[in-house]
Each structure stands twice: as structure tokens, then as C-alpha cells.
Amino acid sequence: MTGEALRATSANDPQQPTPPDPPAADLAEAASQPFALPEGYDAETKYASFWVGAWRRFRRNRLAMFGLVFASLIVLIAIFAPVLTPYDYDKIDMMNTLQGPTAAHPFGTDELGRDILTRIFYGARPMLLVGILTGVLGLAIGVPIGVLAGYLGGIFDWLVTRLIDMFSALPWYLIVLYLVMVLSPSLENLILAMVITGWVGSCRLMRGLTFSIREQDYIEAARALGIPRWRVIVFHVLPQAAPLLLWGFASGIPTAVFAEAGLSFLGMGVRPPRPSWGRMLSDSGYYWQIWPHMIIFPAAMITLSVLAFQGIADGLRKALDVSENI
Amino acid sequence: MIAYTLKRLGGIAMTLLLLSIFTFTLSRVVPGGPWMKGAEIPLSDAQVAAFKAKYGLDQPVWRQYLTWLGNALTLDFGYTFTEPERTVTELIRSALPFSALVGGLAALLAISLGIVLGVIAAANQDTWIDNIVTSYAVFMSTIPSFVLGFVLVYFFSVKLRWFPAGSWGDPNDWRDVAHHIALPVIAFGVPATGGVARWTRQCVAEAMASDYVRTAYSKGLRASGVMSRHVLRNALIPMITNFLPLFPGMMTGSLFIEQVFGLPGLGRYFVVSSTNRDYPLVLGITIFWALLIALTYLVTDILYGIIDPRVRITEQRR
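Protein sequence lines correspond, in order, to chains A and B.
Letter by letter, the first sequence follows residues 1 to 326 in the working numbering.
Letter by letter, the second sequence follows residues 1 to 318 in the working numbering.
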């Protein structure tokens, strides 16, 4: 519902394509014809229509497209940071401290004469690293555990549910802060802490989804055919989860961006002199009250990045038609 | 209802037990601590040994945990590392009111403003008003409170000089306190209005689409009457369950805003003691917060049952 406002103008698009059938129906149909399995259906072609339709819906969402463009820019900046700037992020230049924006330093310099634009460029790195690694590792841990819990049930599911409850007992940033404190603050430990708390989300999604899929007829049919458990999970349960997981991955990134900025701001993330946008806010001390350029740019980058990744996640949720509460 | 409450209390106890085992064991098993090398004041081996003996850190982990658990059951979380003359419980008690006030006021602001915006958006569905409110909600929910805090301080403290840039002010003078915490409450509460407005709009829009609302309209009732008596009363139920947990959520989340404005609340203690690796204090605050949040959810669910009889019926049948 959130991006509705921003894509409302294109809603009466006359060329609006009819929404393609969800893959659930296709797969269910394919699976309900036992003799077509397993070589009878081609996951690639069955899915093409769904993903193409999803992309069309995503493209019409302006906030999502803004997010995609902005996120791509950030990725490019993070990769090519050394090429884009003649300065080093930790080069101290006491002759040029606290300068406002000039031609030589478009975003000005900080209290040690370091170029703020350069630090913004390099600051994209920890942010993206936390966002992507947390998402990938969280999925790698959460998905198998969630599927097994949902599929096997019993004592394993009970244990997993207790773990989920435990990690949900507190807002995630408190647990992350606690873990980072115990492990000692650094970027690596921040990522580790985010993974330790972050797998719970994808695990919960997968557990719920597997529960609902497990009871469906085509799974029973597959099992009646004597298809081994792991094959049922890999070929029948997981493909169903792909849209949900893609959205789950995307919606974790804004959280991770916020986490990196917030924890670095509290002094529990990236260690100096490596730049981080959150750290730039807290490191500006009281200088920024006189030289506001020191915080305008990091603050804007944090907000815009969260907005961009949130826009992508919201756009995916609508384009893939996944429910927020499963 | 009583059986349900007891069952939920059992679940909460189980979760807290697991959480305490996890956090406690981690703090004892992972090498390092405030006495390690690189600490601000280097300690000799004898000093470290004396420190460990004083806090019982030389005992096996399971015995330390059982001692801690026994004390924690009476809400005694031991002594802090950094201020050895004060107990954790004392510190929590002295810092909690600050966090509770800022978090509570921010939650109130978020809920009241958010509900108003959400209802306006739902009442004007698919018009430009709705578009503005939903865009506002998306944008607001992406602004971190500490970023907004900086922006507000710059304009209202540094430029206009209307409000102080930080600190609590004189605790005995409520006007002074109000003057000091106005900016933190706004910086903290306003970003949260986005989520509240979104959820309110959804609840109200769902209630407006229901049959009884169409019936009410077709009976010829006035729009304002339908809105207040039929739509809002029914939309209130899902709203309450979602907004009540905002209070402990905002209290725990205030650590960022307390850092920006230098407020002496629980969140600030949490951050400072994390930096100092003051394990007993962090552990105490963590468990205390988890308890607070769990109890709020329990109260919310019980309230839900009282407000909505349908929930009670399904609960009994189950």
C-alpha cells in the first residue's frame, strides 16, 4: 500500500498486462499429474511468465525504481571509490580543516582536513557489506532450518520455535548491541551479530510456508510416488518460497543499513579511521553545530539509502504479491 | 482466560530463561572483558584475580549462572563493574523514569498523530490526500530518529535557539524538563508516526469495506456517525494490539535518541555500559527489557480478549 501513492498515475495504464497465473497453480497442476514428474515440467519456462509479470509490476512502481537506480549508484560508488576520488579517506590535512564545500572538496572537509566526499564514498562499503552479507548468510542459515522445522515438526520444530521466541523477545538492535559488546566492536563482529539475529526472520518465513505447503495434495502425491524427502523439499517446497525469500532478503537490507549506521553511530560498529556514515555523525562532535556540512551529507546518505532499499523491498512485496504476515 | 494467562506466563518464563542462559553464557564464555589488555587502566594479574574473585568470575560458569538466576528471580541483578557501590537494580530504577518519560511521550505522539493521519487517509481513499499521507508514511518510516535529532537540533537549537540542544534540565522543575525533552520526543516520535499511520489506514480501510458499514450507510446514517460508531470502533481492535507494544518498544529504542541528546536514561546506560563491557549492568537491563516487553504483549492479548468477545470464544473452543 505504501508505494501506491507514487505509482497511482500509472495505474490506469491502458496497456496494463493481465496478471499472470501465480506459480503455485502451475506447480500444483504439474505436481498433480504424477506421470509428468520429475522430468515432465521445466521450472524455467513455468516461472518465466511469473517473473516477467513481476518485473512489469515492479517497473511501474516509481519509488521502487528510484530505489533500484539509487542502490545501483551506491554499489558502483562503493566498488569504484578509489578511482572516483583523488584523496585518501584517512589522509589528515591540517592546513585544510573544517572547510565548507569548495571546488577541491565538494562536500567540504572535517576537523582533521579529511575530504568528506571521499569518506562518503568509502562509507558505502561497510553499509553494503553489512546489508548483503547479513542477508545472504541469514538466508543460508534460516532457510534450511525453517524448512526442516516446518517439514519435520516434532521436537526439532519445538526447539526452533523456542529459539525464534528467544530472539524475538527483544528488539533486534538490543541483541545485536549485546553480541557486539561481548565479541568486541568491529565490522566483522557487527556482521556476525546481525547474522546471529537475522536468520530468525527467514527461518520464521520458511517454517510457516513449509507448514502450509506440506499439507497440500501435490506434496502428498509426490510422497506417495516415493520421491525422497530431500527431493520433495528441494523441488516442490523451495520453488514456492522463491518470491517470499527474495522479498525477505530485500526487506532485510534497509534494516541492515540502519543497523550499520546506528551501531557505528553508537561507537559499536566500524572502527576508526575507516569511514562509516553513522560514525561520521557521532564523530562530528560539536563541530557540526558551526559547520553543518559535516553531518548534512552522511545524514542524507543514511536516509536516502534506507528509503531506496525500503522502496525496493516494498516494490518487490507488491510485484511478487507476497503477504507481509505469514 | 486464567488458564490462557497461566500458559502464556509459562511461555514467557521459558523464553526469558533461554534468553538469560544465552546471554549469560556468552558473556562468560567469550574471552575478554573489562579487565583485558587494552583497557583504559591496565590491571596487574593480581588485580584481575582480585576483581574476578570479587564478582565470582573465578567459579564455573554454571554455578555463576545459578547464583545469578537465583538473585535475578528476586529482581536482584548484582553489582555493576564500573560503579561497584551501586546495584544494577538501583541503576535501572533511577534511569528508567527518564526513558519511560521520553519513550512514553514519543509513543503517545506517534500514536495520536499517526491515527489522525491514518484515519484521514482512509476516509479519503485514493485521492491526493491519501497519496500525500501514504508518501509521508513511507518517507517518515525511513528516517532514523538520530538523524532527525541532528536536523532538529541544528534548526531549533543552533539556528533559532528555541530549545536546548541536550541534557535533561532541572528534574525538579517540570517546565524546564519539558523544554529540554521537547526535541527528543519529537525526533523520536515523528518517524514512528509513519508506521502508525500505515497500519491505521489499513485497519480503517478494511473496516470501511465491510458489510455492516454498507448497511449503516444504506440505512441513511450520516457519514460522521458511521465513521465514529461503526468504522472506528471496529478498527480499534487491531489497532490496540499493534500500538500498545509501541510503548515498551519506544522505551527500549530510546537509546539512539538518548545518545544524541545526552539524556540520562536506561538506553544511555545500556550503550555506555556496552562500551565499558559492564556485563552485569547490560545483562540486567537486557533481561529487564525483555520482561517488560513480554508482559506488555501479554496484557495486550488479554485486553484483546476482553474487547473482542470473538477471540475468547475461539480460545475456549481450542
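Ideal Cβ positions, reconstructed from N, Cα and C, are used throughout, including at glycine.
Got a sec? Which residues, its chain only, sit under 6 Å from residue i by beta carbon, not counting five neighbours each side?
i	result
A261 (chain A)	W277, G278 and I302
L128 (chain A)	A78
R198 (chain B)	A137
A124 (chain A)	I74, I77 and A78
P275 (chain A)	Y89, R119, Y122 and G123
I12 (chain B)	A294
W291 (chain A)	L98
Along the chain, where does the alpha helix (DSSP H) that runs through residue i open and close?
i	result
I233 (chain A)	Where I233 (chain A) is concerned, there is no enclosing alpha helix (DSSP H), given that its DSSP letter is neither H nor E.
L205 (chain A)	L187 to R214
D308 (chain B)	No alpha helix (DSSP H) holds D308 (chain B); DSSP gives it neither H nor E.
E258 (chain B)	L255 to F261
R63 (chain B)	V61 to A72
K318 (chain A)	H293 to L320
F146 (chain B)	S145 to L152
K54 (chain B)	D45 to K54
S99 (chain B)	V88 to A123
A104 (chain A)	Here A104 (chain A) belongs to no alpha helix (DSSP H), and DSSP marks it neither H nor E.
Going by beta carbon distance, what residues of the same chain come within less than 7 Å of residue i, once the five residues before and after it are set aside?
i	result
Q99 (chain A)	H105, G108 and T109
N131 (chain B)	none
Y217 (chain B)	V226
T193 (chain B)	A110, L113, G114, L117 and M140
L152 (chain B)	L183, I186 and A187
A3 (chain B)	none
Sorted by chain position, which residues of the same chain lie with C-beta nearer than 8 Å to residue i's C-beta, five sequence neighbours on each side aside?
i	result
N325 (chain A)	Reliability of the predicted coordinates at N325 (chain A) is poor, the pLDDT of 47 falling under 50, and the value obtained from them is presented with this limitation in mind. Nothing listed; no residue qualifies.
L105 (chain B)	I181, V185 and G189
P320 (chain B)	Residue 320 (chain B) falls outside the range modelled here, since chain B spans only 1 to 318, and no answer is possible.
F35 (chain A)	Here the model assigns F35 (chain A) a pLDDT of 49, short of 50, so the residue's position is not dependable, and the following value carries that caveat. Contacts found: none.
P171 (chain B)	V177
Please confirm whether residue i has its beta-carbon closer than 8 Å to some beta-carbon of chain B.
i	result
A299 (chain A)	yes
R317 (chain A)	no
P292 (chain A)	yes
I191 (chain A)	no
L281 (chain A)	yes
P19 (chain A)	Any reading at P19 (chain A) must be qualified, since the residue scores a pLDDT of 45, below 50, and its modelled position is unreliable; the value itself is stated next. Chain B contact via Cβ: absent.
I74 (chain A)	no
T197 (chain A)	no
L159 (chain A)	no
V97 (chain A)	For the sequence presented, residue 97 (chain A) should be read as Thr rather than Val. No, no contact with chain B.
A313 (chain A)	no
T118 (chain A)	no
T240 (chain A)	Note on identity: in this sequence residue 240 (chain A) is Gln, with Thr being the wrong assignment. Cβ-Cβ to chain B under 8 Å: no for Q240 (chain A).
L246 (chain A)	no
L68 (chain A)	no
T85 (chain A)	no
L128 (chain A)	no
V322 (chain A)	no
Examine chain A for any beta-carbon lying closer than 8 Å to the beta-carbon of residue i, and answer yes or no.
i	result
I129 (chain B)	no
V30 (chain B)	yes
L109 (chain B)	no
I2 (chain B)	no
A216 (chain B)	no
A72 (chain B)	no
F150 (chain B)	yes
L26 (chain B)	yes
W68 (chain B)	no
Below 8 Å on the Cβ atoms is my guess for residue i versus residue j; work out the distance and round it to an integer in Å.
i	j	result
F81 (chain B)	V260 (chain B)	Wrong, their Cβ atoms sit about 26 Å apart, outside the cutoff.
I287 (chain B)	L266 (chain B)	About 13 Å separates the two Cβ atoms, so there is no contact after all.
L238 (chain A)	L320 (chain A)	Not really, about 15 Å apart at Cβ, beyond 8 Å.
G118 (chain B)	V196 (chain B)	7 Å
V282 (chain B)	Y178 (chain A)	6 Å
Since residue i meets chain C, which of its residues come closer than 8 Å, beta carbon to beta carbon?
i	result
V306 (chain A)	The chain labelled as chain C is not found among the protein chains of the depicted structure, namely A and B.
Is residue i near the ligand ADP, in the sense that its beta carbon is under 7 Å from a heavy atom of that ligand?
i	result
L266 (chain B)	In the structure on display, the ligand ADP does not appear, and there are no ligands present to speak of.
*asked:* Under 7 Å, CB to CB, which of the residues in the stretch 272–287 of chain B have a partner in chain A?
replied: S274, T275, R277, V282 and T286
*If contact means a Cβ-Cβ distance below 9 Å, which residues of the stretch 161–187 of chain A contact chain B?*
R162, L163, D165, M166, F167, S168, A169, L170, P171, Y173, L174, I175, L177, Y178, L179, V180, M181, V182, L183, S184 and P185
*asked:* Give me the subset of the stretch 252–277 of chain A whose CB atoms are less than 8 Å from a CB atom of chain B, sorted by chain position.
replied: P254, F258, A261, G262, F265, L266, G267 and M268
*asked:* Tell me which residues of the stretch 99–113 of chain A have at least one Cβ-Cβ distance to chain B shorter than 9 Å, keeping chain order.
replied: none
_Members of the stretch 4–21 of chain B near chain A, C-beta cut-off 8 Å_ = G11, M14, T15, L16, L18 and L19
*Just by C-beta distance, which residues in the stretch 209–221 of chain A are closer than 8 Å to chain B?*
none
_Residues in the stretch 132–148 of chain B having any Cβ partner in chain A nearer than 7 Å_ = T134, S135, A137, V138, F139, T142, I143, P144, F146 and V147
*What residues in the stretch 133–154 of chain A bring their beta carbon closer than 8 Å to a beta carbon of chain B?*
none
*Got a sec: which bits of the stretch 293–310 of chain B sit with their beta carbon under 8 Å from any beta carbon on chain A, in order along the chain?*
I293 and A294
*Near-chain A residues of the stretch 230–260 of chain B - C-beta to any C-beta below 8 Å*: G249, T252, G253, L255, F256 and Q259
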